[in-house]
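Have a look at the structure below, then the notes.
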Amino acid sequence: MAHGALALERGKRRLKMGERAFRSWWRSRLPDLSIAVSRFPLAVAIAALLTFYKLFHDNGDFEQRVMGALAASFLWVVAVDLYVESQRRTLFTRVLLWVLGIVVIACLFWLQWDIWFSPPLLLGALVLLVGLSGHLGRKESNTTFWLFNHRLWLGALLALVGAALLGAGLYVIHETLQLLFGITLSPHMDEYIWTVCLSFVAPVSFLAFAPRNFTDPIAELEEGDFTMRAVAALVKFVLGPLLLVYTAILYAYAIKIVLAWELPKGTLGSMVVGYLLVGAATLLLGYPVRETGGPLVHLFWRYWVWLAALPVVLLSIAVSRRVGDYGLTEDRYLMVLVGVWALILAVIRVLRGGDFDLRLVPGVLALLLLAASFGPGGMIGFSILSQKAELASLLTAKGMLVDGKLVARSESSEENPLGTDAGRVRTIEWYLNTHRALGVLAPWFEGLPNDPFAPGKTPEETARDMLVVLGLRPDVGNTPGVAYFTHYSDVPAVVALPKDAHVIGPVVFESGGPVPVAIPPQTVAVEGLGTVHLELADNLLTARLANGDEVKFDIRDAVKEIYRRGWPLTQDHRPLEIKGSGTGLTGTVLIDNLNGSYKEPDFELTLLRMWLVLGRAE
4 MAHGALALER GKRRLKMGER AFRSWWRSRL PDLSIAVSRF PLAVAIAALL
54 TFYKLFHDNG DFEQRVMGAL AASFLWVVAV DLYVESQRRT LFTRVLLWVL
104 GIVVIACLFW LQWDIWFSPP LLLGALVLLV GLSGHLGRKE SNTTFWLFNH
154 RLWLGALLAL VGAALLGAGL YVIHETLQLL FGITLSPHMD EYIWTVCLSF
204 VAPVSFLAFA PRNFTDPIAE LEEGDFTMRA VAALVKFVLG PLLLVYTAIL
254 YAYAIKIVLA WELPKGTLGS MVVGYLLVGA ATLLLGYPVR ETGGPLVHLF
304 WRYWVWLAAL PVVLLSIAVS RRVGDYGLTE DRYLMVLVGV WALILAVIRV
354 LRGGDFDLRL VPGVLALLLL AASFGPGGMI GFSILSQKAE LASLLTAKGM
404 LVDGKLVARS ESSEENPLGT DAGRVRTIEW YLNTHRALGV LAPWFEGLPN
454 DPFAPGKTPE ETARDMLVVL GLRPDVGNTP GVAYFTHYSD VPAVVALPKD
504 AHVIGPVVFE SGGPVPVAIP PQTVAVEGLG TVHLELADNL LTARLANGDE
554 VKFDIRDAVK EIYRRGWPLT QDHRPLEIKG SGTGLTGTVL IDNLNGSYKE
604 PDFELTLLRM WLVLGRAE
């Protein structure tokens, strides 16, 4: 028994020696990777899984959701690891938080379309959480929080730059091999290179560079560091002065608005949002030099949060104006969210004075992003409900929606009942369709003979039938409701000519570029008629003589004929024939080339090539 125990003990010692030898070899060969694996084992595994999945899968909806869930899980696991390490929590707490967070993230991505979930907002909140997670205790100081995040995000920047340089180098090597030796390792090698570099090398390098000390203050040694001095110079000489000047401009604009008693311009919202975000970043960057950076930096640090209150008011007015005209969209929702964030920070700064916790700047924003990432009150959900209300208002005003039900249109009706609002209605339909939210309109169509939501219909059939019910063209499917059409003739036309008929042509009207503009009129000298003035305006072609006799041709009839022939799959390329009406003249137009864009309920021409047959009216 003694010999057996001794042998077992020797085996254990050899195993431990082997483990130490392997760790030594591992750390000497791949030091950065070994550091990352030892501190963040699950995060490294998720990065590897994400890279592997991206290499061997396409970019369909399901694949994008899987990759989004893996990316969010990576950020969550890193945040948990930093929190557990900084607060000295147990392994059980670490694993429990891992599992709970990953399960919640998986559910959010699985139910993405049902709960109106926005992955970018969740990812943004998790990125902010990574910087906060190491300093979630009550007794954290601004100096330790600032220095830790300075090191953390500087490491992230270096990791990204290093991965980009590695990817560029491998790309150049592959292209050189292909150019000089004709060696092509894979037709997708470029994609593989950048996937590995950005999905694995960059995240793992970021983890390897992550600081270990959470409580280091900003000492004199750190203040002399190159990156610290660079940040201080950026705040002192660039960001601080520019933001103060921009603040003065916004205040002057506010005074102008009051004096002129006019609403802010619609583009002001994005300008103020950029101003607030850059200002908040400058507030964080300028913390170490708030007292030593000079009077402008000191002024900015003490008063900028308060001074930002008026720009927030301007932002609210500008956004409310756009919302009143066009409803709430995701961009406007984010503008409101940034304004609420800035307003909350201003209130906290007023209440707490100089005792301002830097963690509140990213912390409040992270909470707002998380709350806005899903549900009916989130960015997508709120925008969908707002667009639904906007559509209901438009249809009600046109008499198409009564008591929450659509009124069936007469099949013989050819005119679009929406008129100039057709483009707006199509834009709303497109927005709801791309967010898979057409179902919110289903109660409106119940009982109609052609119910788009009848059982058994595919999503494509539902969208097409809905457009038909609303009086919109189902073959115009892009965002603004614009379709480009063209007609050309490759067969001759036979026309019976009266004895006094005059043939004029070919006549060409063409706009000057890709954007339709006013087409100048033309004059033609015709024997027996004299000077004929030809004008194309408001889609009406007018042929007028010097004595006032004229005949008009409605080009809309030609466009309708193009679609009647089945554009864009038409096989009928005969010239388009239009009869005119007028006083003193009769005429026919034969069009052999017609190009333009159709935007409900009207169209614009870019090219018209035709022949005219004119005669005196009897």
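In terms of our numbering, the sequence shown opens at residue 4 and continues consecutively.
Beta carbons are placed, not taken as given, at the ideal position from N, Cα and C, and that holds for glycine.
query: So A211 and A39 are in contact, right, with Cβ under 8 Å, and what is the actual spacing, rounded?
result: 4 Å
task: Using the Cα positions of L331 and Y434, report the straight-line distance between them to the nearest angstrom.
output: 12 Å
- prompt: Which residues in the same chain have their Cβ closer than 6 Å to the Cβ of T609, if we skip the five residues on either side of it in sequence?
  reply: S514, P519, N598, G599
query: Exposed or buried, D468, counting other C-beta atoms within 10 Å across all chains shown (16 or more means buried)?
result: buried
task: Go through the segment 399-476 residue by residue and report every complete run of the alpha helix (DSSP H) that reaches 4 residues or more, in order.
output: 425-437, 445-448, 462-472
query: Looking only at C-alpha atoms, which of F606, Y491, P501, G137 sits nearest to M613?
result: Y491
query: Just to confirm, are V248 and L318 a CB contact at a threshold of 7 Å?
result: no
message: Please identify the residue among Y256, H505, S273 whose C-alpha is closest to the C-alpha of E265.
response: Y256
CB of V315 within 7 Å of CB of L348, strictly: no
task: Check whether the Cβ atoms of A561 and I594 lie closer than 7 Å to each other.
output: yes
task: Quick one: measure Cβ to Cβ for L340 and L371, integer angstroms, because I've assumed they're closer than 8 Å.
output: 5 Å
query: Between S323, G459, R559, which lies nearest to L579 when the distance is taken from Cα to Cα?
result: R559
message: Going by beta-carbon coordinates alone, are A75 and I49 separated by less than 7 Å?
response: no
query: Roughly how many whole angstroms lie between the Cα atoms of L163 and F209?
result: 8 Å
message: To the nearest angstrom, how far is the alpha carbon of Y566 from that of N596?
response: 15 Å
task: Output the distance between the C-alpha atoms of L354 and W304, rounded to the nearest integer angstrom.
output: 16 Å
Buried versus exposed, by CB contacts within 10 Å (16 or more), D2: There is simply no residue 2 to check, as the chain begins at 4 and stops at 621 in what is shown.
field: Whole-number beta carbon distance between A445 and R577, since they are thought to touch under 8 Å
entry: R577 to A445, Cβ: 43 Å. No contact.
query: Would T586 pass as a contact of G618 if the rule is Cβ separation under 7 Å?
result: no
task: Identify, in the order they occur along the chain, each residue of the same chain with its Cβ nearer than 7 Å to the Cβ of R68, setting aside the five sequence neighbours on each side.
output: F112, Q115
query: How would you label W28, buried or exposed, when you count the other beta carbons within 10 angstroms and need 16 or more for buried?
result: Its pLDDT being 48, under 50, W28 is placed unreliably in this model, and the coordinates cannot settle the point.
- request: Less than 8 Å between the CB atoms is what I'm expecting for P160 and L129, so what's the real figure, rounded?
  value: Checking the sequence shown, residue 160 turns out to be Leu, not Pro. About 18 Å; that fails the 8 Å criterion.
- prompt: With respect to the beta strand (DSSP E) encompassing E178, which residues constitute its N-terminal and C-terminal limits?
  reply: Element bounds for E178: not the beta strand (DSSP E) but the alpha helix (DSSP H), 145-184.
- prompt: In three-state DSSP terms, what is D328?
  reply: helix
Euclidean distance between Cα positions of S121 and A236: 37 Å
Among V506, L299, R568, P523, nearest to F488 - alpha-carbon criterion: R568
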